[in-house]
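Protein chains in written order, with my numbering: chain R, 1 to 336; chain V, 337 to 672.
Below, the structure written as structure tokens:
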């Protein structure tokens with residue numbers, strides 16, 4: 001176990017809290033960090049940089065209340081000093097990435113959560129789990145509320161993530177129930193925005209990147225499967241409100257507006273020139289047919305609902321990917 | 337991490353295998369150990385004695401090929417010498433016991449499995465998980481086949497065990513898939529027989545012990561919920577056959593004969609004098625309404641099915657409890 005210095009005396013706490021964001025260099029974590037800094041908090045960004053990227057938080061390195069700690073949460077984390085809140089956003093979240101080392105993915109979910117729960121309990125900190133709509137698996141109900149128990153296989157290519165997150169929820173619940181830890185469980189549905197990894201295999205980034213590269217957009221199956229897409233700023237707001245609430249039971253966070261893959265493809269193509277025909281591929285194993293959050297608990301408990309429509313979210317997201325793809329193409333031009 | 341001596345040179349291996357039974361002093365483990373010894377194997381019985389009882393294996397201590405190691409599998413286990421097979425039977429399995437320290441229960445399922453899987457992988461040993469029908473939760477289908485994905489809540493009093501076992505299955509599957517480990521997953525349905533703990537809270541032991549003590553038999557709910565009951569010798573035979581097979585996917589083991597709680601109560605009362613009226617209590621939270629294994633895979637893959645009818649199993653079980661209750665009453669007489 002490494003001993004790590006948390007927030008040293010020299011850091012300017014201001015009047016804010018000390019907030020640890022595990023997975024802080026990832027897509028969601030790196031959107032959460034500036035939001036927490038802007039609110040006057042000190043942010044300890046913890047990441048193993050396995051799928052997170054320092055570039056995502058590069059702009060925060062000059063901030064007096066920001067600190068980066070490279071650490072893999074499957075090992076216990078010892079921090080000196082106070083910690084008031086912990087967001088556990090750590091885990092590869094897209095199938096190609098979480099399937100690259102499924103045992104490590106599972107251990108990140110389970111042992112990572114256990115280590116952070118122990119830290120939270122020791123520090124008297126609140127702790128929030130970024131769980132996922134994947135705990136519902138391939139749902140038999142068109143809209144998933146928190147009491148739906150899911151349709152998840154314990155074996156197969158998605159199990160390391162789906163069952164890992166389910167197990168993490170159980171650990172959070174048990175610590176809340178039996179150790180008095182202030183736990184929060186967010187079930188995060190599809191979220192998109194700047195800083196998603198271009199090769200993440202998520203449908204929004206896939207479509208945007210394919211369109212920007214002048215490639216055909218890949219539709220798996222017949223494209224009639226639906227997803228809901230939440231813009232990242234909405235999600236961050238929901239996470240912060242959940243942390244501030246007293247709710248220990250799981251809360252769905254996501255955008256209930258449903259779109260088929262074909263509808264999403266059309267919206268992306270309408271925003272990016274050089275459209276190419278769609279390309280159809282077989283549906284991957286265990287790919288859920290439908291996924292749509294019932295967010296009535298979040299509305300009632302947190303006064304939260306998404307405000308960014310898909311069209312505007314795409315308009316905010318495409319320029320970031322455009323920059324990435326342009327840089328990629330400059331690189332290729334230099335090499336060739 | 338403690339370094340433990342496995343099967344020392346002085347042990348007589350004979351022509352058999354070296355078999356580690358984690359949870360070997362528990363109800364099922366202690367029935368498995370003599371079966372494995374009788375087949376000519378060396379048995380390393382590992383138990384933390386949290387719910388296991390040395391008395392269950394006391395008769396084996398004189399055996400040249402039996403060795404007891406007190407160890408909690410949530411810590412890694414280092415063994416010198418060869419290990420050919422590992423049965424992971426370790427975990428409190430009845431609600432009052434697994435709920436006594438739910439975080440430890442969960443860690444036993446998950447970290448215990450991880451440690452044993454690492455050991456099996458290192459030793460090139462086959463490893464079998466005693467999973468459970470609890471992975472099906474409160475089933476929406478009257479008979480559960482292995483492809484039924486279950487109806488399990490990630491939060492609540494049963495989650496530490498149910499989700500712990502689901503997560504353990506995932507770990508087993510991943511090691512089989514990605515580390516080349518020879519894994520087996522048995523989904524064990526209700527099993528009964530001698531050496532069940534009298535205060536275990538299982539319905540068979542509850543009824544027998546209540547009847548022997550001259551107390552009213554407790555029926556939860558209206559007693560119409562059904563269970564299947566497998567006699568322990570049948571279960572042990574199924575476990576050994578599964579270990580010997582090549583099947584890595586989960587296999588149900590249990591007795592498909594269904595009985596309501598009221599039917600079971602009648603059979604117990606018919607065998608024990610001093611019958612008292614039934615006593616009705618509310619159904620505990622998350623108590624499954626029905627549970628019955630589809631064992632067609634076990635029949636096909638292992639050529640296995642239970643052979644001991646409930647009536648005979650009760651006749652074989654009651655004398656053991658009778659001895660326990662008589663000893664208890666002698667003890668009370670001495671104290672008062």
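Just so it is clear, CB atoms sit at the ideal spot from N, CA and C, and this is done for glycine as well.
Residue j and residue i - do their beta-carbons sit closer together than 8 Å?
i: residue 423/V; j: residue 488/V; result: no
i: residue 464/V; j: residue 575/V; result: yes
i: residue 293/R; j: residue 169/R; result: no
i: residue 54/R; j: residue 25/R; result: yes
i: residue 220/R; j: residue 281/R; result: yes
i: residue 245/R; j: residue 301/R; result: yes
i: residue 437/V; j: residue 353/V; result: no
i: residue 172/R; j: residue 185/R; result: yes
i: residue 371/V; j: residue 540/V; result: no
i: residue 216/R; j: residue 279/R; result: yes
i: residue 442/V; j: residue 486/V; result: no
i: residue 95/R; j: residue 51/R; result: no
i: residue 605/V; j: residue 466/V; result: no
i: residue 307/R; j: residue 258/R; result: no
i: residue 71/R; j: residue 37/R; result: no
How far does the alpha helix (DSSP H) with residue i in it reach, from first residue to last?
i: residue 244/R; result: 232-244
i: residue 604/V; result: 597-607
i: residue 132/R; result: From DSSP, residue 132/R is part of no alpha helix (DSSP H) but of the beta strand (DSSP E) over 126-132.
i: residue 549/V; result: No alpha helix (DSSP H) contains residue 549/V, which DSSP labels as neither H nor E.
Going along the chain, which residues of its own chain have a beta-carbon closer than 6 Å to the beta-carbon of residue i, five neighbours each way excluded?
i: residue 560/V; result: 596
i: residue 316/R; result: none
i: residue 30/R; result: 56, 57, 195
i: residue 404/V; result: 381
i: residue 502/V; result: 471
i: residue 527/V; result: 566, 568, 571
i: residue 193/R; result: 231, 232, 317
i: residue 109/R; result: 91, 164, 165, 168
Residue i: which of the options sits nearest, CA to CA?
i: residue 537/V; options: 667/V, 394/V, 554/V; result: 554/V
i: residue 425/V; options: 399/V, 418/V, 452/V, 437/V; result: 452/V
i: residue 632/V; options: 619/V, 588/V, 657/V, 606/V; result: 588/V
i: residue 189/R; options: 205/R, 271/R, 132/R, 198/R; result: 132/R
i: residue 409/V; options: 432/V, 385/V, 431/V, 421/V; result: 385/V
i: residue 650/V; options: 627/V, 626/V, 602/V; result: 602/V
i: residue 145/R; options: 331/R, 62/R, 256/R; result: 256/R
i: residue 39/R; options: 66/R, 51/R, 47/R; result: 66/R
i: residue 290/R; options: 138/R, 126/R, 95/R, 305/R; result: 138/R
i: residue 676/V; options: 492/V, 373/V, 461/V; result: Only positions 337 to 672 of chain V appear in this structure, which leaves residue 676/V out of reach.
i: residue 41/R; options: 91/R, 312/R, 82/R; result: 82/R
i: residue 180/R; options: 272/R, 118/R, 162/R; result: 118/R
i: residue 497/V; options: 643/V, 613/V, 440/V; result: 440/V
i: residue 254/R; options: 335/R, 298/R, 207/R; result: 298/R
i: residue 612/V; options: 457/V, 671/V, 543/V; result: 543/V
Tell me, please, which residues DSSP counts as bridged to residue i.
i: residue 675/V; result: The structure shown does not extend to residue 675/V, since chain V spans only 337 to 672, so no value can be given for it.
i: residue 616/V; result: 555/V
i: residue 69/R; result: 46/R
i: residue 364/V; result: For residue 364/V, which the question treats as bridged, DSSP gives no partner whatsoever.
Given residue i, which residues of its chain have a CB within under 7 Å of its CB, disregarding the five upstream and five downstream residues?
i: residue 339/V; result: Any reading at residue 339/V needs caution, since the residue's pLDDT is 45, under 50, leaving its predicted position unreliable; the model's value is listed next. Within the same chain, residue 339/V has close Cβ partners 414.
i: residue 178/R; result: none
i: residue 545/V; result: 534, 657, 661
i: residue 114/R; result: 171
i: residue 337/V; result: Residue confidence for residue 337/V is low, a pLDDT of 41 falling below 50, so the modelled location carries little weight; the figure read from the coordinates is stated next. Cβ within range, chain order: 411, 412, 414.
i: residue 476/V; result: 487
i: residue 663/V; result: none
i: residue 667/V; result: none
Could you please give the first and the last residue of the uninterrupted beta strand (DSSP E) stretch that includes residue i?
i: residue 424/V; result: 421-424
i: residue 42/R; result: 42-47
i: residue 518/V; result: 518-524
i: residue 358/V; result: 354-358
i: residue 588/V; result: 587-589
i: residue 59/R; result: No beta strand (DSSP E) contains residue 59/R, which DSSP labels as neither H nor E.
i: residue 563/V; result: 562-564
In its own chain, which residues sit with a C-beta less than 8 Å from the C-beta of residue i, not counting the 5 before and 5 after it?
i: residue 368/V; result: 357, 360, 423, 425, 572, 575, 576
i: residue 479/V; result: 592, 628, 629, 630
i: residue 639/V; result: 577
i: residue 351/V; result: 376
i: residue 274/R; result: 211, 214
i: residue 434/V; result: 427, 428, 441, 496, 497
So which residues on chain C does residue i lean against when the C-beta distance must stay under 7 Å?
i: residue 514/V; result: Absent from the structure: chain C. Protein chains present are R and V.
Does at least one heavy atom of the ligand COA sit under 7 Å from the Cβ of residue i?
i: residue 474/V; result: By its list of ligands, the structure shown contains no ligand whatsoever, and the ligand COA lies outside what it can speak to.
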